[in-house]
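S.K.:
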Amino acid sequence: MDDGLKLRHVNVTRYITPLREGGSLPAIVECDDDFLYVLKFKGAGQGTNALVAEVIGTAIAKLLGLKTPELVTAYLSEDFGRTEADEEIQDLLKFSVGDNLGVHYLKGAVTYDRNIFIVPENTASKIVWLDAFLMNVDRTYRNTNMLIWNKELWVIDNGAALYFHHTWHNWKEVSEKPFVQIKDHVLIKEAKHIQLIHDEVLPKLTDDFFREMLNSIPDIWLTERNDVADANEARDVYFSFLTNRLANSSNFLKEIENAGK
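Heads up: the sequence shown begins at 1 in UniProt numbering, then just goes up one per residue.
1. When you compare each of Ala109, Thr73 and Phe252 to Asn100 by their alpha carbons, which one comes out closest?
2. Would you kindly work out how many angstroms separate the C-alpha atoms of Asp184 and Met135, rounded to a whole number?
3. For Tyr15, does the count of other Cβ atoms within 10 angstroms reach 16, so buried, or fall short, so exposed?
4. Rounded to the nearest angstrom, how far is the Cβ of Leu253 from that of Arg235, given a contact under 8 Å?
5. I need the straight-line Cα distance from Leu196 to Ala161, nearest angstrom please.
6. Is the beta carbon of Lys67 closer than 7 Å to that of Trp129?
7. Could you compute how far the alpha carbon of Leu51 sits from the alpha carbon of Ile116?
8. Would you kindly report the start and end of the unbroken beta strand (DSSP E) that includes Ala74?
9. I'd like the list of long-range same chain contacts for Asp145, defined as Cβ closer than 7 Å, with 5 residues on each side in sequence excluded.
10. Look at the Cβ atom of Ser96, then the Cβ atom of Phe133, and state whether they are nearer than 7 Å.
11. Per DSSP, what kind of secondary structure is Met146 in: helix, strand or coil?
12. Classify Arg20 as buried or exposed, calling it buried when 16 or more other Cβ atoms lie within 10 Å of its own Cβ.
13. With Trp154 as the anchor, note down where its beta strand (DSSP E) starts and where it stops.
14. Enumerate in chain order the residues of its own chain whose CB-to-CB distance from Val186 is below 7 Å, with the five nearest sequence positions on each side excluded.
15. From the DSSP output, read off the bridge partner residues of Glu30.
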């Protein structure tokens, strides 16, 4: 999303190898722009909800000034499923024909280790604020979802955020919750400037920003559910969730403060 909030479109030309660290079996692929990507499949367990969360999480992370790999929509042809010998991967490829999410591959990056790399308090505060706002349950000591690349910290994997969209209809109730899971965040002790970060980002999280961000998400990712009439209805629910959560931000800000103590 280097061009504003718009996702570039590429075509997968070569399936290289699966990444078996995660349950959703993402893969390293090459695309027709000659770059490598970590491909996140719409046919994986969490479906397109995880792809939507990735787009939203990455967009807001960029707004906060955090480093994140570029995201693209990556078209997967049905030909890949025909030639794959592994039955599990073959099924995943067949269920994922069409537009998937590509995350620019940071070759040579290593997983963040808090015993080796010190995260500045300002950066830590941005990441903790982001994850509390989006209710991301998956940036813990066990699974940090951060990389060190070129001696800098990069934030990846926002797919576990916005878990309200797995039940969908209780979005308002969930948006006002404090997010008690923030106590398990790998950077909670370093997040000393949460209120400062909140005051800085608040004027930037405008209705126009949210609308542009949501409009960048492919319609098909928003309609592959049984309880949404069309993509714009889904966008409206995400918009309402995000704006209402922002309006009730004191709930999650207080929870961060308590967890930090």
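Yeah, the Cβ is synthetic: ideal placement off N, Cα and C, and Gly gets one too.
M.R.: On the basis of the supplied data:
1. Thr73
2. 12 Å
3. buried
4. In fact, because the Cβ distance is near 26 Å, the residues do not count as touching under 8 Å.
5. 23 Å
6. In this structure, Lys67 does not lie closer than 7 Å to Trp129 by Cβ.
7. 31 Å
8. Leu71 to Leu76
9. In the sequence as presented, Asp is not what sits at residue 145; that position holds Asn. Same-chain partners within the cutoff: Asp138, Arg139, Ile156 and Asp157.
10. no
11. strand
12. exposed
13. Glu152 to Val155
14. Arg114, Arg139, Thr140, Tyr141 and Thr144
15. Arg14 and Leu36
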